[in-house]
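**Q** Take a look at the following structure, please.
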Amino acid sequence: MARVRTGVRAVGAVLVAVLGASLVGCSSTGGKRAEDARKAAQASGRAAVDTPRWTFAMITHSGDGDTFWDIVQNGAKQAAVKDNIKFLYSHHDEAQQQAQLVDAAIDKKVDGIIVTLAKPDAMKAAVARARKAGIPVVTVNSGSEESKEFGALTHIGQDETIAGEAVGDELNERGRKKALCVLHEQGNVGHEQRCEGAKKTFKGEMKNLYVEGTNMPDVQSSIEARLQSDKDIDAVVTLGAPFADTAVKAKEGANSKAEIDTFDLNEKVAGGLKSGSLGFAVDQQPYLQGYEAVDLLWLYKYNADVLGGGKPVLTGPQIVTKDQAGELEDYAKRGTR
Amino acid sequence: MSATAPAPHKPAQEADERLLTTSPLKKLLGRPELGSVVGAVAVFLFFAIVADSFLQANSIATVLYAASTIGIMAVPVALLMIGGEFDLSAGVMVTTSALISSMFSYQMTANVWVGVGVSLLATLAIGVFNGVMLTRTDPPSFIITLGTFLMLTGMNLGFTKLISGTVSTKSISDMEGFSSAKDVFASTITVGGVDFKITIVWWLAMVAVATWILLRTRAGNWIFAVGGGEQAARAVGVPVSKTKIGLYMGVAFGAWVSGQHLLFNYDVVQSGEGVGNELIYIIAAVIGGCLITGGYGSAVGAAVGALIFGMTSKGIVYAEWNPDWFKFFLGAMLLLATLLNAWVRKRAEATK
Chain A
0 MARVRTGVRA VGAVLVAVLG ASLVGCSSTG GKRAEDARKA AQASGRAAVD TPRWTFAMIT
60 HSGDGDTFWD IVQNGAKQAA VKDNIKFLYS HHDEAQQQAQ LVDAAIDKKV DGIIVTLAKP
120 DAMKAAVARA RKAGIPVVTV NSGSEESKEF GALTHIGQDE TIAGEAVGDE LNERGRKKAL
180 CVLHEQGNVG HEQRCEGAKK TFKGEMKNLY VEGTNMPDVQ SSIEARLQSD KDIDAVVTLG
240 APFADTAVKA KEGANSKAEI DTFDLNEKVA GGLKSGSLGF AVDQQPYLQG YEAVDLLWLY
300 KYNADVLGGG KPVLTGPQIV TKDQAGELED YAKRGTR
Chain B
0 MSATAPAPHK PAQEADERLL TTSPLKKLLG RPELGSVVGA VAVFLFFAIV ADSFLQANSI
60 ATVLYAASTI GIMAVPVALL MIGGEFDLSA GVMVTTSALI SSMFSYQMTA NVWVGVGVSL
120 LATLAIGVFN GVMLTRTDPP SFIITLGTFL MLTGMNLGFT KLISGTVSTK SISDMEGFSS
180 AKDVFASTIT VGGVDFKITI VWWLAMVAVA TWILLRTRAG NWIFAVGGGE QAARAVGVPV
240 SKTKIGLYMG VAFGAWVSGQ HLLFNYDVVQ SGEGVGNELI YIIAAVIGGC LITGGYGSAV
300 GAAVGALIFG MTSKGIVYAE WNPDWFKFFL GAMLLLATLL NAWVRKRAEA TK
């Protein structure tokens, strides 16, 4: 036992030493201190209306730790603060579990439900139950075709096929001949639609490459391998912002001349656009999807307003290039773009 | 009846089998990694024929990089398996390690190396936790590390969100110490115009150290003894608990190296990453000739297993096969490699 205790003491001593060193070994650049300085003057929100404090629940098909859904949430929370709404968020990437979460929200008798229809069939019954319980439903992100049929008020999101087509057009405009579409989740319908859409309008040749999205080195080496095996590829399109930077690394590793383009934005993508390592990004404005969903539910509860006239309200695609990158970088840094 | 009794002893020319000298060839055939080496050669030749660009120097560097990121973890995981235990938390532990370095440096506005040091301690502590939990309680390592796996997955997300406000870490590339740390964990070494990633060096170093431990030290004997028969090992005085805790710390060290590579290569860490990779490490170790039941295997074998994995996953890309079937091809290749491995091992044992 004595030996164990000296071991503990040794570890403790090392910890103290490291913590001490951390105070001495400060970094004079970057880090939290720089961020604090940046947002020193940012004000926190407060309710702009005095409607009753309604509760809205948002249930998405997001996996754990998805940057995109984080931005959607940020938008929804901002609108919730403004509209005096209590906002609840839950998610599960398996349709059955997601449907159960919707059921749970109905049981909680929330005043409004925001839901994604990534796997529409599995969600149909849940949405019908919400309607039966008299809870208004707004669908976001995916399910633009099913939304109305299922009885939702409005759909807010980007049509993935249209977004893909925009990519194809943009690639044509940039004179690209052979493109690679990098899918980081095999079997995701939205991803397939994006690449399909791009293929439809792209005049050159486009091929799909599936990579393991949860394993960045695998993403990098797979793209690198493909670029090495086909030197004619002059454009790589990634379907998520975190993969764009990895694709840039792969391109450097393969000594390829391909242009890297991506769906979705984040801080690094904005920086990449600014520095020219990325060609363009297709933004579907996730912040807007969350913000509008909460706001439209509030408008419905308060004023029986419905936007879109039964048609989906599109939040994208917005093509972002070097021109807008500087401005968007700041917004991406604070997690709203 | 004859009065000659049967000789009570074996004929003198049949000496004690432990003292028999075996020919070098037979020794080679008895090595656990032999099957995987044959498998690796087969996979290599296959893709060299099928995919035109597979043999380019740059392609080989890419394949080695893919193999090294698996291999850095497969080697300590193999040692653990030889010791008779599993670690299902190995995949997310890599992410945890990267997150700790990044967030500590960022939040404290500290020199990046301080975060790297803290993360080493914290990651080793997770290894100790796994080991102590296993040796002090009853459940098998499968359950205990499954628990750690789930807890780490949740903590990765929870803490990152709590501390950074988003699910990925903030960029630390503009902080002091970043470039020197990047040199150590994520630089490239150019040899004859070809860029090799430094993870390959880490990988080879880990294979060398692990092989030395296994074959040349007392701890190596302990590992084989613990994996071969825990009770017997305990009875002859092998420090079973200490050995197992040490093995989990080895896995934690590998996770730390991989995690730092992840951080300094990509600068920002996604907190949801790493899930599922633990199986890849175990698969690489098994292909490399480690027995799932413990007591048999080698570090070199695990490294070759990682190489097979790297060659297969990238070879499919070089061959430009229809991506819809990607996973199928991968699975079939792995199965074939493992079967070949098992076949060679059986042949080797039969000739003993």
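Line order of the protein sequences matches chains A and B. To convert, note that position 76 of the first sequence is 75 in numbering that gives the first Met the number 0; the numbers rise steadily by one, no gaps. To convert, note that position 22 of the second sequence is 21 in numbering that gives the first Met the number 0; the numbers rise steadily by one, no gaps. The beta-carbon is built from N, C-alpha and C at its ideal position, and this holds for glycine as well.
Distance check for L313/A and D157/A, CA to CA, integer angstroms please.
**A** The residue you asked about is not Asp; residue 157/A is Gln in the sequence shown. Taking the straight line from one Cα to the other gives about 5 Å.
**Q** Give the DSSP-derived three-state secondary structure of A109/B in the structure shown.
**A** Note: A109/B maps to strand in three-state DSSP.
**Q** Tell me the DSSP bridge mates of M57/A?
**A** DSSP, once it has assigned bridges, lists Y88/A and I113/A as partnering M57/A.
**Q** In the region 182-232 of chain B, which residue ranges form an unbroken alpha helix (DSSP H) of at least 4 residues, counting only runs that do not cross its ends?
**A** Here the runs fully enclosed are 198-215 and 217-227.
**Q** Could you pull out every residue in the same chain whose Cβ sits closer than 6 Å to the Cβ of P75/B, ignoring the five residues on either side in sequence?
**A** Result list for P75/B: G249, V250 and G253, in chain order.
**Q** Start and end of the beta strand (DSSP E) containing L152/A?
**A** Per DSSP, L152/A belongs to no beta strand (DSSP E) and is neither H nor E.
**Q** At a Cβ threshold of 9 Å, is S179/B touching chain A?
**A** No, because no Cβ of chain A sits closer than 9 Å to the Cβ of S179/B.
**Q** Quick check: what's the CA-CA separation for S274/A versus T261/A?
**A** Their Cα atoms are separated by approximately 15 Å.
**Q** For P285/A, decide whether its Cβ has a neighbour in chain D, counting only Cβ atoms nearer than 9 Å.
**A** Within the model displayed, chain D is absent; protein chains A and B are what it includes.
**Q** Helix or strand or just coil, what does DSSP make of S167/B?
**A** Three-state DSSP puts S167/B in a strand.
**Q** Between M267/B and chain A, is the shortest Cβ-Cβ distance under 9 Å, so that the two count as touching?
**A** Note on residue identity: the sequence assigns Val, not Met, to residue 267/B. Yes, V267/B lies at the interface with chain A (some Cβ there is under 9 Å from its Cβ).
**Q** When you compare each of S170/B, L278/B, A66/B and I125/B to E266/A by their alpha carbons, which one comes out closest?
**A** Nearest option by C-alpha distance: S170/B.
**Q** Taking just the CA atoms, how far does A180/B sit from G353/B?
**A** Nothing can be reported for residue 353/B, as the shown portion of chain B is limited to 0 through 351.
**Q** Check whether the region 105-120 of chain A touches the region 132-150 of chain A, counting contact only when three or more Cβ pairs, one atom from each stretch, lie closer than 8 Å.
**A** These segments touch.
**Q** Does the Cβ-Cβ distance between S297/B and P23/B come in under 9 Å?
**A** No, they are not a contact pair.
**Q** Mind reading off the beta-carbon distance from E277/B to G90/B? Whole number of angstroms is fine, and I expect it under 8 Å.
**A** Confirmed, about 4 Å.
**Q** So with Cβ pairs under 9 Å, would you call G271/B a contact of chain A?
**A** Yes, G271/B lies at the interface with chain A (some Cβ there is under 9 Å from its Cβ).
**Q** Find the residues of chain A that neighbour G70/B, judging by a C-beta separation of less than 7 Å, and give them in chain order.
**A** Ordered by position in chain A, no residue passes the 7 Å Cβ test against G70/B, which lies about 11 Å from the chain.
**Q** For D86/B, name the three-state secondary structure that DSSP assigns.
**A** Residue state, collapsed to three classes: coil.
**Q** Below 8 Å between beta carbons is the criterion; list the residues of the region 266-285 of chain A that meet it against any residue of chain B, in chain order.
**A** Within the region 266-285 of chain A, the qualifying residues are E266 and K267.
**Q** Whose C-beta lies closer than 6 Å to the C-beta of E355/A among residues of the same chain, with five residues either side of it excluded?
**A** With chain A covering only 0 through 336, there is no way to say anything about residue 355/A.
**Q** Using a cut-off of 9 Å between C-beta atoms, extract the partners of K326/B located in chain A.
**A** Within 9 Å Cβ-Cβ: Q185 and Y209.
**Q** Work out the CA separation of S143/A and P119/A for me, nearest whole Å.
**A** Using only the alpha carbons, I get a separation of about 10 Å.
**Q** Based on the DSSP secondary-structure assignment, which residues constitute the bridge partners of N207/A?
**A** Note: N207/A sits in a beta bridge opposite C180/A.
**Q** Go to T242/B, then tell me how far its alpha helix (DSSP H) extends in each direction, as first and last residue.
**A** Unbroken alpha helix (DSSP H) run through T242/B: V239 to Y265.
**Q** Check the Cβ of A94/A against every Cβ in chain B and list those closer than 7 Å, keeping chain order.
**A** What A94/A touches in chain B: nothing, since even the nearest Cβ is about 19 Å away.
**Q** Does the region 219-232 of chain A come close enough to the region 245-262 of chain A to have 3 or more Cβ pairs within less than 8 Å?
**A** Taking 8 Å as the limit for Cβ pairs, the verdict is that the region 245-262 of chain A does touch the region 219-232 of chain A.
**Q** Under 8 Å Cβ-Cβ, which residues of chain B neighbour G62/A?
**A** Correct list: G271.
**Q** Measure the alpha-carbon distance for A207/B versus V299/B and round it to whole angstroms.
**A** About 8 Å.
**Q** Taking D182/B as the reference, which of T198/B, V190/B, G294/B and T168/B has the closest Cα?
**A** Of the listed residues, the one whose Cα sits closest to D182/B is T198/B.
**Q** Leaving out the 5 sequence neighbours to the left and right, which residues in its chain are closer than 6 Å to A97/B when beta-carbon positions are compared?
**A** For A97/B, where only same-chain residues beyond five positions count, the Cβ hits under 6 Å are G258, L261, L262 and V268.
**Q** Jot down the residue ranges of each uninterrupted beta strand (DSSP E) in the region 238-291 of chain A, minimum 3 residues, whole runs only, in chain order.
**A** Those beta strand (DSSP E) runs which fall completely within the region 238-291 of chain A and span 3+ residues are 258-262 and 280-282.
**Q** Within a Cβ cutoff of 7 Å, which residues of the same chain sit near A305/B, ignoring the five residues on either side of it in sequence?
**A** Closer than 7 Å at Cβ, skipping near neighbours: A66, I69, G70, A73 and A283.
**Q** Along the beta strand (DSSP E) that carries I318/A, what are the first and last residues, could you check?
**A** I318/A -> beta strand (DSSP E) spans Q317 to V319.
**Q** Look up T134/B in the DSSP assignment and say whether it is helix, strand or coil.
**A** Residue state, collapsed to three classes: helix.
**Q** What did DSSP end up calling A234/A once you bin it into helix, strand or coil?
**A** The answer is strand: DSSP assigns A234/A an E or B state.
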